[in-house]
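One structure is given below, encoded as structure tokens.
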Amino acid sequence: MSGGETVLVTGGSGYIGGWCVTGLLKQGYVVRTTVRDLGKEAGVRAALATQVDPGNRLSFHVADLTADEGWDAAVEGCDYVLHVASPLGVADPKDPNDLIVPAREGARRSVGAAIRAGVKRVVLTSSVAAASKSAAGGDWVSDETVWTDPQAPKLGAYAQSKTLAERAAWDLINTSAGETSLATVNPALVLGPVTSGDFSESIQVVERLLSGRVPGLPRLGFNVVDVRDVADLHIRAMTDPKAAGERFIAAANYAWMGDLAALLRERLGAEAAKVPTRKVPDFVIRLAGLFDKDLGSVTPSLGHKHDFSSEKAQRMLGWKPRPLEETILDCAKSLIAAGAV
Ligand code: NAP
Numbered sequence: 016m017s018g019g020e021t022v023l024v025t026g027g028s029g030y031i032g033g034w035c036v037t038g039l040l041k042q043g044y045v046v047r048t049t050v051r052d053l054g055k056e057a058g059v060r061a062a063l064a065t066q067v068d069p070g071n072r073l074s075f076h077v078a079d080l081t082a083d084e085g086w087d088a089a090v091e092g093c094d095y096v097l098h099v100a101s102p103l104g105v106a107d108p109k110d111p112n113d114l115i116v117p118a119r120e121g122a123r124r125s126v127g128a129a130i131r132a133g134v135k136r137v138v139l140t141s142s143v144a145a146a147s148k149s150a151a152g153g154d155w156v157s158d159e160t161v162w163t164d165p166q167a168p169k170l171g172a173y174a175q176s177k178t179l180a181e182r183a184a185w186d187l188i189n190t191s192a193g194e195t196s197l198a199t200v201n202p203a204l205v206l207g208p209v210t211s212g213d214f215s216e217s218i219q220v221v222e223r224l225l226s227g228r229v230p231g232l233p234r235l236g237f238n239v240v241d242v243r244d245v246a247d248l249h250i251r252a253m254t255d256p257k258a259a260g261e262r263f264i265a266a267a268n269y270a271w272m273g274d275l276a277a278l279l280r281e282r283l284g285a286e287a288a289k290v291p292t293r294k295v296p297d298f299v300i301r302l303a304g305l306f307d308k309d310l311g312s313v314t315p316s317l318g319h320k321h322d323f324s325s326e327k328a329q330r331m332l333g334w335k336p337r338p339l340e341e342t343i344l345d346c347a348k349s350l351i352a353a354g355a356v
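Per my numbering, the sequence shown starts with residue 16, numbered consecutively.
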């Protein structure tokens with residue numbers, strides 16, 4: 016429990032940010048959150064109210080990753096910062112800088128403000144995309160000792176943005192004379208319950224399966240981690256003295272698209288009637304990938320298991336991720352309840 020300490024969570028309007036705010040409020044912290052536009056405050060409050068009563072312990076500040084204004088004021092007087100905000104990108108933008116610049120400069124702005132304000136620790140939400148071995152071919156398991164090569168050929172803009180943003184944060188902390196420490200949480204594919212109909216792009220995996228918006232099941236798999244466990248790991252990394260200066264992979268259960276589809280069909284019955292059963296052969300995806308840039312970016316990993324170990328977070332911080340079934344079914348039920356499928 017917090018003893019009334021104050022935490023700034025950047026990007027409280029987002030999926031992971033919202034669950035971090037919820038977790039902190041439940042543990043008694045005073046929470047500030049940044050949004051780009053105060054017009055989002057009412058919606059964020061309504062989504063949070065489904066989980067926790069913030070009382071008078073929650074406030075909103077305006078700060079944009081792409082501008083200097085607002086960052087110092089938002090951080091001033093905080094004990095900790097969770098820097099979660101960053102643009103997501105399932106589809107590669109025409110110009111990679113559309114993702115890279117806000118991610119990297121935003122990390123510099125929030126970590127810089129945290130150092131100037133002398134906060135105890137910043138936890139930055141990075142990604143397994145910043146801790147991956149080569150995207151091409153072969154099966155592998157990666158961990159925190161691995162850094163993605165941001166210059167690797169065919170590396171997507173999102174992976175570049177997360178790698179360069181995390182690097183920028185470590186560079187700032189390592190060259191600062193202050194007492195502020197840094198830890199990063201590097202999540203795999205984050206799923207689990209949504210609290211409103213406005214949700215992260217990562218949820219599309221379950222949303223598209225349930226709404227039948229995918230024609231079949233390609234041989235693609237991911238490590239899936241629950242959003243509630245990702246928030247819990249941020250809070251552990253924020254307060255545990257052992258976490259200073261460390262990266263933590265937040266990964267839980269590897270699943271192929273076919274596994275996810277089977278789970279939804281078995282457990283949701285009629286509500287999963289549109290979930291496809293047909294497998295799509297690799298050559299069909301490869302052919303389609305010649306014409307569709309987004310599909311083209313996943314073809315090298317077709318049929319390959321690219322997995323991530325969270326042994327470090329479990330051993331050092333006592334973190335225990337929940338089973339896949341709970342994550343997927345809670346995600347699906349919340350999408351149905353929100354009228355999103
Ligand atoms: P999300 O729901 O799309 O939230 C992204 C947040 O970033 C939103 O609050 C958004 O604010 C904010 N943001 C984006 N651009 C901004 C800008 N220019 N200035 C200020 N705020 C900005 O995504 P999420 O899934 O929660 O992702 C949160 C973090 O987790 C990101 O750092 C992401 O890279 C990382 N991550 C996510 C996953 C996943 O599977 N979801 C996996 C690994 C890592 P608005 O509401 O104003 O757009």
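Note that CB positions come from ideal geometry on N, CA and C, so glycine has one too.
Computed from a predicted structure; not experimentally measured.
- Rounded to the nearest whole angstrom, the C-alpha separation of residue 156 and residue 215 is 26 angstroms.
- The beta carbon of residue 111 is closer than 7 angstroms to those of 172, 175 in its chain, skipping five residues each way along the sequence.
- DSSP, read as helix, strand or coil, puts residue 268 in strand.
- The three-state reading of DSSP puts residue 141 in coil, since its state is none of H, G, I, E or B.
- Residue 86 has its alpha-carbon roughly 47 angstroms from the corresponding atom of residue 295.
- For residue 236, the beta-bridge partners assigned by DSSP are 271.
- Fewer than three pairs of CB atoms, one per stretch, sit closer than 8 angstroms, so the region 320-335 makes no contact with the region 221-232.
- Its Cα nearest to that of residue 237, the residue 206 stands out among 206, 263, 257, 248.
- Just so you know, the alpha carbons of residue 68 and residue 74 end up roughly 13 angstroms apart.
- Relative to the non-hydrogen atoms of the ligand NAP, the Cβ of residue 140 comes within a distance shorter than 8 angstroms of at least one.
- With a 10 Å radius around the Cβ and a threshold of 16 neighbouring Cβ atoms, residue 298 comes out exposed.
- At a cut-off of 8 angstroms, the beta-carbon of residue 56 does not count as near the ligand NAP: no heavy atom of the ligand is closer than that.
- Looking only at 136, 164, 131, the smallest Cα-Cα distance to residue 147 is reached by 164.
- Comparing alpha-carbon positions, the option among 224, 140, 121, 167 lying closest to residue 245 turns out to be 140.
- Under the three-state reduction of DSSP, residue 262 is assigned to strand.
- The three-state secondary structure of residue 319, taken from DSSP, is coil.
- Judged by beta-carbon spacing, residue 50 lies beyond the 9 angstroms limit of residue 39, meaning their Cβ atoms are not closer than that value.
- A direct Cα-to-Cα measurement between residue 253 and residue 95 gives close to 7 angstroms.
- In this model, residue 200 and residue 121 are separated by some 17 angstroms (Cα to Cα).
- Here residue 294 carries a strand assignment [DSSP, helix/strand/coil].
- Of the heavy atoms belonging to the ligand NAP, none sits nearer than 8 angstroms to the Cβ of residue 342.
- Of the candidates 277, 258, 33, the residue whose Cα lies closest to the Cα of residue 65 is 33.
- In this structure the region 55-64 does not lie against the region 265-273, because fewer than three pairs of beta carbons, one per stretch, are closer than 8 angstroms.
- By the neighbour-count criterion, in which a residue is buried when 16 or more other Cβ atoms sit within 10 angstroms of its Cβ, residue 275 is buried.
- For residue 183 against residue 123, the beta-carbon gap comes to about 5 angstroms, under 8 angstroms, which counts as contact.
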